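Peer 1:
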């Protein structure tokens, strides 16, 4: 930067009308994106009746529609082209007043650079210049540099109300033909109200996010609810299109360090910022936030370099195959499949990465959001093979590696309990699930989601425990076929050779009142493998429960059986049982030792080669 350019930049100042005189009929005009829209210039452009402002094409990646008048777009003066079908543009696109350019965001810089999308004039919002004559692009970097390099006329709107951000944001006043003092404030946004349902959805999403994961955030109640549930995580990373108040809250909680990222390590990476005045103050000269162009933020290869990248998306509807209907219309920032694909692909490339779509089980009208089919719905993401998990307030459905039948079963389990009977009947009629599929309607309301805990055993073996689900049928079959004949005999007291669907589905469908089963899983959350199962069944004639449990032979000797026994005792006691009973073969000394470690009084009776055990929760013994 030369001294003359530093002192001479005020000579480039112009009024909005003077700046707009540089525009000629037929030109393509790029407008800054979203909250970085140069609103003073755009409002004057909309209101002006100057003869040169005719037959113009306005190009904007995302428009809030605050400055751009849809009424003006009905005339022949202006036509808007956008890459984004959300926010207010969707209605205008449907009405034919706005042209949508279907494109992945990562491809936009190339479209501009190659002049497939020619730009004649760029209207860009910037911060006031510093002493060295450098402005910051502030809260939207996206394609600013590509646009400024191509446009024959570059006009900057100086806004004192936007933060001076770091990253690839600094441009010299020499790069502008004219500078206009902005008088319109940048649009600010309050956090979305978070109701109980979205809070439960967010809690389920957070439950499958591990320490060291890298996250992509966007707008909406789901994301505003997430920070509270992620605050206890460690070393999270941020690689996201939007920095919002929710991201700020999460960073402030201490959960975000960005240490485990492979790109822009130590920095929260983004293109855009949208939020409250507090967010704008926090972003100002914040070295922990890195603003980069779309080709850095949206390119799947860049995203995928980060291990454990989790792409989180809000969804509108889901069908039993895993097809997603995305949101559309006013207020939506992640509306189109094109906008989702870059982050979907990035999660697929990432080591340990996955995608999760989240939605309430019902909409505001009380209609089911989990459908048999969404074939007739708009804005579909018809890529069920790229959808790893679905979350509602009733849990997580893991879809990876599952058949269509297994997917349907898992998704029915996270639908609203009152909607599940109809889904089951329709799925049977459509041959989506087994015609003889057992469904215990009452159990849908009784699933004990509060049974959820982790424990680390010997050899750093980490096991997650939860109540069994009907969709565990295939995993339980696999567990059965991993057992030796001896282990099967110890568990069932008879040589069982096969475990067909009819038998196993009866086993995994429990009522959670008289029969409760807990499974232990290893592996990533939502993608685990069952290696243990324990259950109790109430006696009809006394306040005791009968217990049985089994552990994969590859995981025996680690203390898992003892842990399960104590867990069953606690759960049975909480549900009013006064004790437990169990039958153990005399040769099964390992299981007898497990019961002896339970710290409860035991009475035993030996007959026919087995011990009949009675365990009392009363330390003084059975009354």
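In my numbering, the protein residues as written are 106 to 728. No residue lacks a Cβ here, since even glycine has one placed at the ideal position from N, Cα and C. Bear in mind that the values here come from a model prediction, so they are computed numbers and not experimental data.
Between the alpha carbons of residue 437 and residue 325, how many angstroms are there, rounded?
Peer 2: Because residue 437 carries a pLDDT of 43, less than 50, the predicted location of this residue cannot be relied on, and no value is offered for it.
Peer 1: For the alpha helix (DSSP H) containing residue 674, list its first residue and its last residue.
Peer 2: Where residue 674 is concerned, the enclosing alpha helix (DSSP H) stretches over 665-679.
Peer 1: Whole alpha helix (DSSP H) runs in the segment 457-535 with 4 or more residues, listed along the chain?
Peer 2: The segment 457-535 contains these whole alpha helix (DSSP H) runs: 509-518, 525-534.
Peer 1: Count the other CB atoms within 10 Å of the CB of residue 723; is the residue buried (16 or more) or exposed (fewer)?
Peer 2: Burial call: exposed.
Peer 1: Tell me, please, which residues DSSP counts as bridged to residue 559.
Peer 2: Looking at the DSSP assignment, residue 559 forms a beta bridge with 569.
Peer 1: When the distance is taken between beta carbons, is residue 492 closer than 7 Å to residue 460?
Peer 2: Against a cut-off of 7 Å, the Cβ pair of residue 492 and residue 460 comes out as a contact.
Peer 1: Please give the ranges of any alpha helix (DSSP H) in the segment 393-418, keeping only runs that are unbroken, at least 4 residues long and fully inside the region.
Peer 2: Runs found: 399-402, 405-409.
Peer 1: From which residue to which residue does the beta strand (DSSP E) around residue 686 run?
Peer 2: That run of the beta strand (DSSP E) goes 684-690.
Peer 1: Mind checking residue 214: buried by the 16 CB within 10 Å criterion, or exposed?
Peer 2: Residue 214 comes out buried.
Peer 1: Using a Cβ-Cβ cut-off of 7 Å (strictly less than) and excluding sequence neighbours within five positions of residue 370, which residues of its own chain qualify?
Peer 2: The answer, listed in chain order, is 363, 364.
Peer 1: Count the other CB atoms, across all protein chains shown, that sit within 10 Å of the CB of residue 558; report buried if there are 16 or more and exposed otherwise.
Peer 2: Exposed, since its Cβ has fewer than 16 Cβ neighbours within 10 Å.
Peer 1: Starting from residue 707, follow its DSSP beta bridges and name the residues at the other end.
Peer 2: Note: residue 707 sits in a beta bridge opposite 720.
Peer 1: Taking only three categories from DSSP, how would you classify residue 436?
Peer 2: Annotation note: pLDDT 43 at residue 436 (below 50); position unreliable, no value reported.
Peer 1: Looking at residue 462: is its Cβ nearer than 7 Å to the Cβ of residue 429?
Peer 2: It is a contact, given that the beta carbons lie within the stated cut-off.
Peer 1: Starting from residue 582, follow the alpha helix (DSSP H) in both directions and report where the run begins and ends.
Peer 2: 578-587 is the span of the alpha helix (DSSP H), which, as asked, contains residue 582.
Peer 1: Would you check if there are 3 or more beta carbon pairs closer than 8 Å linking the segment 686-702 to the segment 711-723?
Peer 2: These segments touch.
Peer 1: From this set, 248, 258, 288, 221, which residue's C-alpha is nearest residue 148's C-alpha?
Peer 2: It is 288.
Peer 1: Can you grab the Cα-Cα spacing for the pair residue 378 / residue 658, in whole Å?
Peer 2: Near 52 Å, if we compare the C-alpha coordinates of residue 658 and residue 378.
Peer 1: To the nearest whole angstrom, what separates the beta carbons of residue 516 and residue 626, a pair I think is in contact under 8 Å?
Peer 2: Not confirmed; about 19 Å, so no contact.
Peer 1: What residue ranges within the segment 226-263 form continuous alpha helix (DSSP H) runs of no fewer than 4 residues, ordered along the chain?
Peer 2: Counting only runs of 4 or more, we get 249-255.
Peer 1: Counting Cβ pairs, one atom from each stretch, are 3 or more of them under 8 Å apart for the segment 598-613 and the segment 647-665?
Peer 2: With the cut-off at 8 Å, the segment 598-613 and the segment 647-665 do not touch.
Peer 1: Quick one: any contact between the segment 236-245 and the segment 268-276, if contact means 3 or more CB pairs under 8 Å?
Peer 2: Short answer: they touch.
Peer 1: Please report the straight-line C-alpha distance between residue 478 and residue 320, rounded to a whole angstrom.
Peer 2: Roughly 30 Å separates the two Cα atoms.
Peer 1: Taking buried to mean at least 16 other C-beta atoms within 10 Å of its own C-beta, is residue 587 buried or exposed?
Peer 2: Under this definition residue 587 is an exposed residue.
Peer 1: Any idea if residue 125 is buried or exposed, counting beta-carbon neighbours within 10 angstroms, 16 or more meaning buried?
Peer 2: Residue 125 comes out buried.
Peer 1: Hey, would you say residue 341 sits closer than 7 Å to residue 361, going by beta carbons?
Peer 2: Cβ atoms of residue 341 and residue 361: closer than 7 Å.
Peer 1: Let me confirm a value: residue 524 is counted as buried when at least 16 other C-beta atoms fall within 10 Å, else exposed. Which label applies?
Peer 2: So residue 524 counts as buried.
Peer 1: How would you call residue 334, buried or exposed, if buried means at least 16 neighbouring beta carbons within 10 angstroms?
Peer 2: The residue is buried, with at least 16 neighbouring Cβ atoms inside 10 Å.
Peer 1: Please look up how many angstroms separate the CB atoms of residue 228 and residue 143, rounded, as I've assumed it's under 8 Å.
Peer 2: Rounded, the Cβ-Cβ distance is 5 Å, consistent with contact.
Peer 1: Report yes if the C-beta of residue 333 is less than 6 Å from at least one heavy atom of the ligand PLP; otherwise report no.
Peer 2: Although the ligand PLP was asked about, the structure shown includes no ligands whatsoever.
Peer 1: Going by C-alpha distance, which of 456, 138, 521 is nearest residue 476?
Peer 2: The shortest Cα separation from residue 476 among 456, 138, 521 belongs to 521.
Peer 1: By DSSP's criteria, residue 391 is part of a beta bridge. Which residues make up the other side?
Peer 2: In DSSP, residue 391 forms no bridge with anything.
Peer 1: Can you give, in chain order, each stretch of the beta strand (DSSP E) that sits fully within the segment 136-167 and has at least 3 residues?
Peer 2: Whole beta strand (DSSP E) segments, 3+ residues: 161-165.
Peer 1: To the nearest angstrom, report how far apart residue 252 and residue 584 are at their CA atoms.
Peer 2: About 58 Å.
Peer 1: Ordered along the chain, which non-local residues of its own chain (more than five positions away) have a Cβ less than 7 Å from that of residue 129?
Peer 2: 157, listed in sequence order.
Peer 1: Answer with yes or no whether the minimum CB distance from residue 143 to chain C is below 7 Å.
Peer 2: Here there is only one protein chain, and chain C is not present.
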